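Asks: Heads up: the sequence lines are chains B and W, in that order. Under this note's numbering, the first residue of the first sequence carries the number 781, and numbering increases by one thereafter. Under this note's numbering, the first residue of the second sequence carries the number 541, and numbering increases by one thereafter.
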Amino acid sequence: MTSHLQGAASPGQPRRLSTEQRESDHSWSSYVYAIGRAGTDLDAIAPRLTGLRDGRVRTVAADGLAALVSSVPAGAFSAEGMKAQLENLTELEQIARTHHTVVEAAHTGATVLPMRLATVYLDDARVRAMLRERGAEFDALLSRLEGHAELGVKVYADPRAAAADPPPAAEGPDRAAPPVSPGRAYLQQRRAQRQTQRDAYRAAGALADEVRGRATGLARDRVTHRPQQGELAAGAGENIANEAYLVPVDRLREFHRALAGLADGLPGVRIEVTGPWAPYSFATPPAESRSA
Amino acid sequence: MADPSAPSDPFPEESLAGRQIALIDLLDRLLNGGAVLTGDVVLSIADVDLVHINLRAVIRSITPDGPAPW
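Right, dumping it as structure tokens:
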């Protein structure tokens, strides 16, 4: 193969290369999805997976560890190229979902350490060097994560939902009540709204504390994420707590049960459990994992 | 968790299977979590943080009053 010369591939021209060609061609980089132990089910899982840009997923092993890797175009996954991609929401979503699909498939069959999005090496040799360099650390993390999954717990305050379902006393002030001036009615309404809002936030805060108490007893670790805001935070109401728990897989059900129904009878308060996830939030050493 | 359909088994094992995961939940994990590798990474840790911060800023700044900048 002689296509190592720069410019051998004209931009935009689609190329079909075998995995072997991709691995040794410097116009391709190695994207790492997750790390696990070599000789486990990862070798069986990898060939069934499709990575970014439809690349085939393979394992790259060294010192008893294996990385799930696929080849990606070096240009688009250089620092510059990557930045451009990640700033485009459509491309970001595509990369995130593909990354997750690979990690998720690996997680269901083996203990894996998920990588942060956009972990790219120049080639497989560099991936092996990295595995050797940080082998002891990965080994310790994998041992800690074995038999665990991550569950996300979010608590929302939704005053509008509370207002839509008000207590009986606040209902229909214009029913048979003595006439109230429009100004006075407006003020009464505003006060009721503020009260409802305060109640919803107070109840949500109390619920978040209770959730934390119950969940912590069943989990091995907890990480606090920033409350979700902005356009992508599609859930109704305001997210006031966003946490991840590292839970033994044989206690996932128990964890769910412990939180079930906690928000019942609390107007304007909602609890949402996501997962089980691969242990993304616990893939860094404990000392570094407290992000916010 | 919205799971009203199966009261006897409110939390099926594959609770994520068969439905689209919210992108924001995914990004919480893929941008804040995941093992961070340094060394020979093409994208340096500083770049990752930069991308990360820009992205969070964009995501957090998109509101009905301030439409997406793209």
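Glycine residues also receive a C-beta, built at the ideal position from the N, C-alpha and C atoms. All figures in this text were calculated on a predicted structure; none of them were measured in a lab.
1. Tell me whether residue 1001/B sits in a helix, a strand or coil according to DSSP, three-state version.
2. Name the chain W residues whose beta carbon is nearer than 8 Å to that of residue 966/B?
3. Taking the straight line between their C-alpha atoms, what separation do you get for residue 960/B and residue 972/B?
4. Measuring CA to CA, which of 836/B, 843/B and 1025/B is closest to residue 819/B?
5. Checking 7 Å against the spacing of the C-beta atoms, do residue 565/W and residue 1005/B come in under that value?
6. Within this structure, are the beta carbons of residue 831/B and residue 882/B separated by less than 7 Å?
7. How big is the Cα-Cα spacing for residue 888/B and residue 1060/B?
8. Taking the beta strand (DSSP E) that residue 850/B belongs to, which residues open and close that run?
9. Does any residue of chain W have a CB that is nearer than 7 Å to the CB of residue 1013/B?
10. At 7 Å on the CB atoms, spell out the chain W contacts of residue 1063/B, in chain order.
11. Grouping DSSP H, G and I as helix and E and B as strand, with all else coil, what is residue 1018/B?
12. Counting only beta-carbon atoms, is residue 876/B nearer than 7 Å to chain W?
13. Between the alpha carbons of residue 846/B and residue 869/B, how many angstroms are there, rounded?
14. Mark residue 1055/B as exposed unless 16 or more other C-beta atoms lie within 10 angstroms of its C-beta, in which case mark it buried.
15. Please list the partners that residue 894/B has in chain W, where partner means a Cβ-to-Cβ separation under 9 Å.
16. Can we say the stretch 885-899 of chain B touches the stretch 993-1011 of chain B, given the rule of at least three CB pairs closer than 8 Å?
17. Report yes if the CB atom of residue 840/B is closer than 7 Å to the CB atom of residue 900/B, and no otherwise.
18. First and last residue of the alpha helix (DSSP H) that includes residue 571/W?
19. Could you pull the DSSP bridge partners for residue 932/B from this structure?
20. Identify which residue in 858/B, 939/B and 917/B has its Cα closest to the Cα of residue 1123/B.
21. Which residues in chain D sit within 8 Å of residue 879/B, going by Cβ to Cβ distance?
22. Beta-carbon within less than 7 Å of residue 1050/B's beta-carbon, same chain only, minus the 5 sequence neighbours each way: which residues are those?
23. Under 9 Å between beta-carbons, which chain W residues line up against residue 932/B? List them in chain order, please.
24. When you compare each of 827/B, 833/B and 1023/B to residue 854/B by their alpha carbons, which one comes out closest?
25. Counting along the chain, where does the beta strand (DSSP E) carrying residue 842/B start and finish?
26. Can you tell me where the beta strand (DSSP E) with residue 812/B in it begins and where it stops?
27. If we define contact as Cβ-Cβ less than 7 Å, is residue 887/B a contact residue for chain W?
28. When DSSP labels each residue in this structure, what does residue 1013/B get in the three-state scheme?
29. Tell me residue 900/B's beta-bridge partners as DSSP assigns them.
30. Using the rule of at least 16 other Cβ atoms within 10 Å of the residue's Cβ for burial, across every protein chain shown, is residue 964/B buried or exposed?
31. With DSSP as the reference, please indicate the residues paired to residue 937/B in a beta bridge.
32. With DSSP as the reference, label residue 575/W as helix, strand or coil.
33. Roughly how many angstroms separate the alpha carbons of residue 1015/B and residue 573/W, rounded to a whole number?
34. For the alpha helix (DSSP H) containing residue 823/B, name the first residue and the last one.
35. Taking all protein chains shown into account, do 16 or more other C-beta atoms lie within 10 angstroms of the C-beta of residue 817/B, making it buried, or fewer, making it exposed?
Replies: By the coordinates alone:
1. strand
2. Think of a sphere of 8 Å around the beta carbon of residue 966/B: no beta carbon from chain W falls inside it, the nearest being about 25 Å out.
3. 15 Å
4. 843/B
5. With respect to residue 1005/B, residue 565/W sits apart: the two C-beta atoms are not nearer than 7 Å.
6. yes
7. Their backbone Cα atoms lie some 14 Å apart in a straight line.
8. Annotation for residue 850/B: the continuous beta strand (DSSP E) segment containing it runs 845-853.
9. yes
10. Chain W residues near residue 1063/B: 573, 574 and 575.
11. strand
12. yes
13. Within the model, the alpha-carbon separation for residue 846/B versus residue 869/B is close to 31 Å.
14. buried
15. 569, 570, 573, 574 and 575
16. no
17. no
18. 563-572
19. 1024/B and 1054/B
20. There is simply no residue 1123/B to check, as chain B begins at 781 and stops at 1072 in what is shown.
21. Annotation note: the requested chain D is absent from the structure, which comprises protein chains B and W.
22. 936, 938, 1017 and 1043
23. 565, 568 and 569
24. 833/B
25. Here the beta strand (DSSP E) through residue 842/B covers 838-842.
26. 808-817
27. With respect to chain W, the C-beta atom of residue 887/B has no partner C-beta closer than 7 Å.
28. coil
29. 811/B
30. exposed
31. Residue 937/B pairs with 1018/B and 1049/B.
32. strand
33. 22 Å
34. 822-825
35. So residue 817/B counts as buried.
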